[in-house]
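Asks: Protein chains in written order, with this note's numbering: chain A, 1 to 281; chain B, 1 to 289.
Structure below; questions to follow.
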């Protein structure tokens, strides 16, 4: 009986190894094609590079400046927008959630339900009016777009933080108050450190959303001056006259390598964060 | 204490509240209002009542995209959840390398929709080339292409949720079933599946709303192509989903913005109703278990 089970489990391991390899083929193909000359990407997509088609790092060098916009600029803006927006969201919404939980007023209740409501709103509903509002308030630069992200992304973050803060016993904060802490010190010295695990979860969700977001920055940012990685890729492939597939694949590869590296190092947190977000949502 | 916190409203609440007004409340209300107006920019809005809604309902492209989205949602819900549950179930059977496999299956989730769309359009074109055709040649290629893409992206995500559900089933329950002589299949159907009903709720809900809200992948993979001519002489983009249809109505021409906003309101109501109905339906089922 025991032996039979282990044979079965070994077969499963073999089976999953094969499936995993198949699963990775698309990424492998991007890698392979990023080393081929443009003409060969389309005609021999699945062939490995050979003497004729191999161009070394040519596509990568080309990809850096391809499309009249330096790719590194897009990388910088993507990085800045993601980090700044996530930091702003984590700080502001966790404070707001604490206020909502601890100050039991009508305003708190309305704010909470509005946040829950905003979670089910598809972006298309507010797409046009949001971008025109952002334009009018001059929020159309990478330096100010975090405010837009804070506004549109507040719902999920406030919801997750309030759920967590409700589970923190009030006594701890009362003790701090008796010891002479004001609201601000209580929050930053006592409450905020206790939020560590939920901060990571919310942070992971926000980073994944903002890093990959296409439509919001596309509509809000002044596109002639600022691009993010998704906008850049869409620009290269979508509206550009002659598409250079080899260089596009190099750009795609450059945009997914850092993500995969971060994932391999922080996968524990990422998977936990995603699961937490899903269960709450 | 409460009073103390309340005094700090400007610090704790105001930033989020102000941004929420700019990023959500005001655009939402203005969007609602503009759906009853004729406008090119919000300033020149002129109230015209329900005209936009009537036009939206009569628009063949919008109707088509609704049916197309619904069909896509049904197919992708079935495939994604079936595969995700099967993988999660097998991976929790004490097999060697389970963590590594989990890592691999989850990875596509981290890649953005636009990039995913272009990766797969290259692959599909490469495959279809062997049959002397291409991705944008036929509607069904685009449809199944998008289903495959979404399976690739979402199975890993749903798998994580199913694994969490499966791991929370008490060991002794399964053990007891084994002692009672239940077969593997019986244990799965009678013990395991009823116990992960809440995971099913979450996953079906997520796949449903994800399918309806899908935009980036749709735009990058086919962009709505190929185009079909109707008898009335209008054109319909045959792989265009609701979100993309609304987007194109907004930005293809400034004249149809009122119409686009009305479509967006209908889209919002649809997504909200679906989400609530789904949640209710599966919650009821859980209680009965």
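Every residue gets a Cβ at the ideal spot worked out from N, C-alpha and C, and that includes glycine.
This structure is a prediction, so every number in the text was calculated from the model and none was measured.
What's the gap between the Cα of residue 97 of chain B and the Cα of residue 88 of chain B?
Replies: Here residue 97 of chain B corresponds to residue number 97 of the second chain, with the count starting at 1. Here residue 88 of chain B corresponds to residue number 88 of the second chain, with the count starting at 1. Taking the straight line from one Cα to the other gives about 13 Å.
Asks: Please state whether DSSP places residue 36 of chain A in a helix, a strand or coil.
Replies: Locating residue 36 of chain A in the first chain gives position 36, counting from the first residue. Looking at residue 36 of chain A - three-state DSSP - the assignment turns out to be strand.
Asks: Which residues mark the beginning and the end of the beta strand (DSSP E) in which residue 235 of chain B is found?
Replies: Residue mapping note: residue 235 of chain B aligns to position 235 of the second chain, counting from 1. First-last of the beta strand (DSSP E) with residue 235 of chain B: 235–237.
Asks: Do you know how far the Cα of residue 153 of chain B is from the Cα of residue 110 of chain B?
Replies: One-based indexing of the second chain puts residue 110 of chain B at position 110. One-based indexing of the second chain puts residue 153 of chain B at position 153. Distance between the alpha carbons of residue 110 of chain B and residue 153 of chain B: 8 Å.
Asks: Between the Cα of residue 103 of chain B and the Cα atoms of A:8, A:59, A:211 and A:267, which residue gives the shortest distance?
Replies: Walking along the second chain from the start, residue 103 of chain B turns up at place 103. That would be A:267, whose Cα lies nearest to the Cα of residue 103 of chain B.
Asks: I want to see whether chain B comes within less than 8 Å of residue 256 of chain A, judged by CB atoms only; does it?
Replies: Counted from its first residue, the first chain places residue 256 of chain A at position 256. By this cut-off, residue 256 of chain A is an interface position.
Asks: Rounded to whole angstroms, what is the Cα-Cα separation between residue 204 of chain B and residue 65 of chain A?
Replies: To locate residue 204 of chain B, count along the second chain from 1; it is residue 204. To locate residue 65 of chain A, count along the first chain from 1; it is residue 65. Taking the straight line joining both Cα atoms gives about 43 Å.
Asks: Please list the terminal residues of the continuous beta strand (DSSP E) segment that includes residue 227 of chain B.
Replies: The residue given as residue 227 of chain B occupies position 227 in the second chain. Residues 227–229.
Asks: Please name the residues in the stretch 40–68 of chain A whose beta-carbon is closer than 9 Å to at least one beta-carbon of chain B, in chain order.
Replies: Here the close residues are 41, 42, 43, 44, 45 and 46.
Asks: Secondary structure at residue 181 of chain A, three-state DSSP: helix, strand or coil?
Replies: Here the question's residue 181 of chain A lines up with position 181 in the first chain. The answer is coil: DSSP assigns residue 181 of chain A none of H, G, I, E or B.
Asks: Hey, is the stretch 131–151 of chain B in contact with the stretch 176–190 of chain B, meaning 3+ C-beta pairs nearer than 8 Å?
Replies: Segments in contact, no.
Asks: If you scan the stretch 85–143 of chain A from start to end, which runs of the beta strand (DSSP E) of 3 or more residues do you find wholly inside it?
Replies: Counting whole runs of 3 or more residues, the stretch 85–143 of chain A contains no beta strand (DSSP E) stretch at all.
Asks: Between residue 173 of chain B and the rest of its own chain, which residues show a CB-CB distance below 8 Å, the 5 nearest in sequence each way excluded?
Replies: Here residue 173 of chain B refers to the residue found at position 173 when the second chain is read from its first residue. 191 and 195.
Asks: Strictly under 8 Å for the Cβ-Cβ distance: is residue 218 of chain B near chain A by that measure?
Replies: As a first step, residue 218 of chain B must be located in the second chain, where it is residue number 218. No, no contact with chain A.
Asks: Residue 150 of chain B versus chain A: which residues are under 8 Å apart at the beta carbon?
Replies: Here residue 150 of chain B corresponds to residue number 150 of the second chain, with the count starting at 1. Those within 8 Å of residue 150 of chain B in chain A number zero; the least Cβ separation is about 13 Å.
Asks: For residue 7 of chain B, count neighbouring C-beta atoms within 10 Å of its own C-beta (all shown protein chains included) and say buried if the count is 16 or more, exposed if not.
Replies: In the second chain, the residue the question calls residue 7 of chain B occupies position 7. Exposed.
Asks: Whole alpha helix (DSSP H) runs in the stretch 52–130 of chain B with 4 or more residues, listed along the chain?
Replies: Listed in chain order, they are 60–91, 98–106 and 113–129.
Asks: With DSSP run on the structure shown, which of helix, strand or coil describes residue 166 of chain A?
Replies: Taking the first chain and counting its residues from 1, the one referred to as residue 166 of chain A is at position 166. In this structure, residue 166 of chain A counts as coil in the three-state DSSP scheme.
Asks: For residue 160 of chain B, collect the residues of the same chain with a Cβ closer than 7 Å to its Cβ; drop the 5 residues on either side in sequence, then sort them by chain order.
Replies: As a first step, residue 160 of chain B is located in the second chain; it is residue number 160 there, counting from the start. Within the same chain, residue 160 of chain B has close Cβ partners 106.
Asks: Whose C-beta lies closer than 8 Å to the C-beta of residue 261 of chain A among residues of the same chain, with five residues either side of it excluded?
Replies: Within the first chain, the letter at position 261 stands for residue 261 of chain A. Counting only Cβ-Cβ distances below 8 Å, and skipping sequence neighbours, we find nothing.
Asks: Please state whether DSSP places residue 132 of chain B in a helix, a strand or coil.
Replies: Your numbering for residue 132 of chain B matches position 132 in the second chain. Residue 132 of chain B: coil per DSSP, three-state reduction.
Asks: Is there a Cβ from chain A that is less than 8 Å from the Cβ of residue 40 of chain B?
Replies: To locate residue 40 of chain B, count along the second chain from 1; it is residue 40. No, residue 40 of chain B lies away from the interface with chain A (no Cβ there is under 8 Å from its Cβ).
Asks: Determine the contact status of residue 111 of chain A and residue 120 of chain A, defining contact as a CB-CB distance below 8 Å.
Replies: Position 111 of the first chain, counting from 1, holds the residue named residue 111 of chain A. Position 120 of the first chain, counting from 1, holds the residue named residue 120 of chain A. Not closer than 8 Å, so no.
Asks: Is the beta carbon of residue 237 of chain B sitting closer than 8 Å to the one on residue 224 of chain B?
Replies: For the purposes of this step, residue 237 of chain B is taken as the residue at position 237 of the second chain. For the purposes of this step, residue 224 of chain B is taken as the residue at position 224 of the second chain. In this structure, residue 224 of chain B lies closer than 8 Å to residue 237 of chain B by Cβ.
Asks: Please specify which runs of the alpha helix (DSSP H), each continuous and at least 4 residues long, are wholly inside the stretch 199–266 of chain A, giving them in chain order.
Replies: Complete alpha helix (DSSP H) runs here, min 4: 215–220 and 229–234.
Asks: Mind pulling the chain A residues with CB within less than 8 Å of residue 257 of chain B?
Replies: Residue numbering aside, residue 257 of chain B sits at position 257 when the second chain is read from its first letter. Ordered by position in chain A, the residues that pass the 8 Å Cβ test against residue 257 of chain B are 128.
Asks: When you compare the CB of residue 97 of chain B with every CB in chain A, is at least one pair closer than 8 Å?
Replies: Residue numbering aside, residue 97 of chain B sits at position 97 when the second chain is read from its first letter. Yes - at least one Cβ of chain A is within 8 Å of the one on residue 97 of chain B.
Asks: Which chain B residues are close to residue 29 of chain A, counting only those with a beta carbon under 8 Å from its beta carbon?
Replies: Within the first chain, residue 29 of chain A is the residue found at index 29, counting from 1. Within 8 Å Cβ-Cβ: 119, 122, 123 and 126.
Asks: Looking at chain B, is there any beta carbon in it that lies within less than 8 Å of the beta carbon of residue 4 of chain A?
Replies: Here the question's residue 4 of chain A lines up with position 4 in the first chain. Confidence at residue 4 of chain A is low in this model, with a pLDDT of 49, below 50, so the placement of that residue is unreliable and no value is reported for it.
Asks: Identify whether residue 36 of chain B lies in helix, strand or coil by the three-state DSSP scheme.
Replies: Reading the second chain from its first residue, position 36 is the one you call residue 36 of chain B. Looking at residue 36 of chain B - three-state DSSP - the assignment turns out to be coil, as it is neither helix nor strand.
Asks: Identify every residue that forms a DSSP beta bridge with residue 281 of chain B.
Replies: Your numbering for residue 281 of chain B matches position 281 in the second chain. Partner(s): none; residue 281 of chain B has no beta bridge.
Asks: By the criterion of Cβ-Cβ separation under 7 Å, what are the contact partners of residue 178 of chain B in chain A?
Replies: Within the second chain, residue 178 of chain B is the residue found at index 178, counting from 1. Result: empty, since nearest Cβ-Cβ is about 11 Å, beyond 7 Å.
Asks: Helix, strand or coil for residue 46 of chain B per DSSP?
Replies: Here residue 46 of chain B refers to the residue found at position 46 of the second chain. Strand, per DSSP.
Asks: Just checking: is the beta-carbon of residue 196 of chain A within a distance shorter than 8 Å of some beta-carbon in chain B?
Replies: Against the first chain, residue 196 of chain A aligns to sequence position 196. No, no contact with chain B.
Asks: Leaving out the 5 sequence neighbours to the left and right, which residues in its chain are closer than 8 Å to residue 112 of chain B when beta-carbon positions are compared?
Replies: Within the second chain, residue 112 of chain B is the residue found at index 112, counting from 1. Only 216 meet the Cβ criterion.
Asks: Exposed or buried, what is residue 206 of chain A when buried is set at 16 or more other beta-carbons lying within 10 Å of its beta-carbon?
Replies: Stepping through the first chain from its first residue, residue 206 of chain A is reached at position 206. Residue 206 of chain A comes out buried.
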